[in-house]
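What follows is a set of notes on a single structure, which appears directly below.
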Amino acid sequence: MSHSTVPRRPVLRRSATTGRAPGATSRDTTTHAPASATEPVASGPLTAAPAPAPAVASPAVGHGTAPSPAAKQGADAKPSAAGSATATARTPRRHTRRNFLLGSGAALGIGLVGTGAWALNRYVIDHVEITDVEAYEAQNSSVTRTAAPTAANATLTQDGYTSSSTTVRISTVTTGSGRETVTYYTADITVSDATVVRSAFAHNEYGTNITARPSQIASSHDAFLAVNGDYYGFRDTGILIRNGVVYRDSPTRQGLVLYTDGRMEVYDETTTSAQALLDAGAWNTLSFGPALVQDGSVREGIDAVEVDTNFGNHSIQGRQPRTAVGALGQGHYVFVVVDGREEGYSRGVTMTELAQIMVDLGCQVAYNLDGGGSSTMYFNGQVINRPSNGGERGTSDILYIAQGA
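Here is the structure:
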């Protein structure tokens, strides 16, 4: 094992969506690199025209029952200067190759039966419920965020970051040789305040099928470290709490929760609720999976686990690029991105192999996130791994730590 220092043909343009902030401009559609073989493809009989977007159930927000996010924002939100700037000066939208494949599959089935419009509407066309997430969270979060220290208290280098409250160490690890070579990147993180580990959504918007490059999301939030998240926008189920705000409460699968006191736990969503988690101090939840490590041991049978991670409820098995997060203890975390699909550089890993990496790093708990072409680690202004698509793939969200944390 060696360690070293880290020195698409357009898809669809978004139709007008209610709840857009005043002055918002449309984004141009651009192309993406080819998708991996394991990315979801819509199949089955489809029709020609997309149907109007279905109404989305209103998630609970903060403590107690609240209006839907879009309605709440329209009635009450008072965007900050930063939030307003986000709404009025938007960067071009990049639809993902994953969505393009879904759209292509939809086109193949046109005219067969009446499911195509639903598929396009559900998996391709983006639907925005909140147009200024930062302003929305500032108004609704039940947690007071720690003010960022001055830049003088923080030092950022090519392989790490140090401030009075946060330490990050970046490493590159290579194992094996030839066709069995595996390369992965780790970010060892120690924080005195767990709320510096934050989540951000593509284009500062909440909804379905909204994507952007991880580096784009990271730079727009002044992040020095980021990894891709759980691709929440590809699903409409799960418990979704981000930065102390409830966005979705539809318990479905095994999730991960990061509490404000620094604890990280795997939990069964079907045995609790978003409000109960929030009351217990939840800061961020992730809903993807499966759990890789619990009580310091690799969970058995995880290579055979079926998780509804893509179209058709098929898990991506075998040796693949992977992203995982884990905790060595309270306030001590690790982000891991494993590259793959490139013989001689990195073949990728199975779920069990990923879990073993996390155990070897000292994790007591670890959790699998969106992977494949989505697996990305961003540090100090650049993507430091080699995404398998030959470049970044758009995703819904990131986990990050900002400059000054």
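Start counting at 1 in the sequence shown, then tack on 3, and there's your number in this note's numbering. By construction, the Cβ of each residue, glycine as well, lies at the ideal position given by its N, Cα and C atoms.
For Val328, which of Glu272, Asp306, Arg389, Gln359 has the nearest alpha-carbon? Gln359
Check the DSSP bridge columns for Ile133 and list the partner residues they point to. Tyr209
Between which two residues does the alpha helix (DSSP H) carrying Gln320 extend? Premise fails: Gln320 is in no alpha helix (DSSP H) and is neither H nor E.
Residue range of the beta strand (DSSP E) that Glu268 falls in? 267-271
As assigned by DSSP and simplified to three states, the class of Ala52: Low confidence applies here, because Ala52 scores a pLDDT of 39, under 50, leaving its location unreliable and the question unanswered by this model.
Nearest CA to the CA of Ala283: which residue from Arg302, Val260, Val301? Val260
Could you give the DSSP three-state label for Thr158: helix, strand or coil? strand
Let me make sure I understand the geometry here. Which of Arg302, Thr193, Val146, Val296 has the alpha-carbon closest to that of Ile244? Val146
Assuming Ala337 contacts Thr326 (C-beta within less than 8 Å), just tell me the rounded distance between them. Strictly speaking, residue 337 in this sequence is Val, with Ala absent from that position. No, Val337 and Thr326 are not in contact; Cβ-Cβ is about 12 Å, not under 8 Å.
Which of helix, strand or coil DSSP assigns to Glu303: coil
Fully enclosed by the segment 168-244, which beta strand (DSSP E) runs are 3 residues long or longer? 169-178, 185-194, 201-204, 209-211, 226-231
If distances are taken between C-alpha atoms only, which option among Asp363, Asn143, Ser391, Gly265 comes closest to Val176? Asp363
One or two residues paired with Glu345 in a DSSP bridge: Looking at the DSSP assignment, Glu345 forms a beta bridge with Ser349.
Integer Cβ distance of Glu272 from Ser300, believed to fall under 8 Å: That pair is no contact at about 22 Å.
I need the boundaries of the beta strand (DSSP E) containing Thr288, first residue and last residue. First-last of the beta strand (DSSP E) with Thr288: 285-289.
Strand pairing of Met380, partner residues [DSSP]: Val230
Measuring alpha carbon to alpha carbon, tell me which of Thr214, Arg172, Gly343, Gly332 ends up nearest Arg452. Here the chain has residues from 4 to 408 only, and residue 452 is not among them.
So for Asn371, helix, strand or coil by DSSP? strand
Hey, quick one: how far does the alpha helix (DSSP H) through Val362 stretch, first residue to last? 354-363
Can we say the segment 201-214 touches the segment 386-394, given the rule of at least three CB pairs closer than 8 Å? no
Cβ-Cβ distance between Val200 and Ile213 below 9 Å: no
Cβ neighbours of Thr353 in the same chain (closer than 7 Å, five flanking residues each side left out): Cβ neighbours of Thr353 within its own chain (closer than 7 Å, five residues either side excluded): Asp306, Gly321, Arg322.
Roughly how many angstroms separate the alpha carbons of Pro293 and Tyr270, rounded to a whole number? Roughly 11 Å between the two C-alpha positions.
Given a threshold of 16 other Cβ atoms within 10 Å of its Cβ, counted over all protein chains shown, does Thr189 qualify as buried or as exposed? buried
Is Gln255 helix, strand or coil by DSSP? Note that residue 255 is Thr in the sequence shown, not Gln. Correct three-state label for Thr255: coil.
Straight-line CA distance for Glu268 to Val368? Spanning the two alpha carbons is a distance of roughly 7 Å.
Secondary structure of Ala405, DSSP reduced to three states: DSSP places Ala405 in strand when its eight states are reduced to three.
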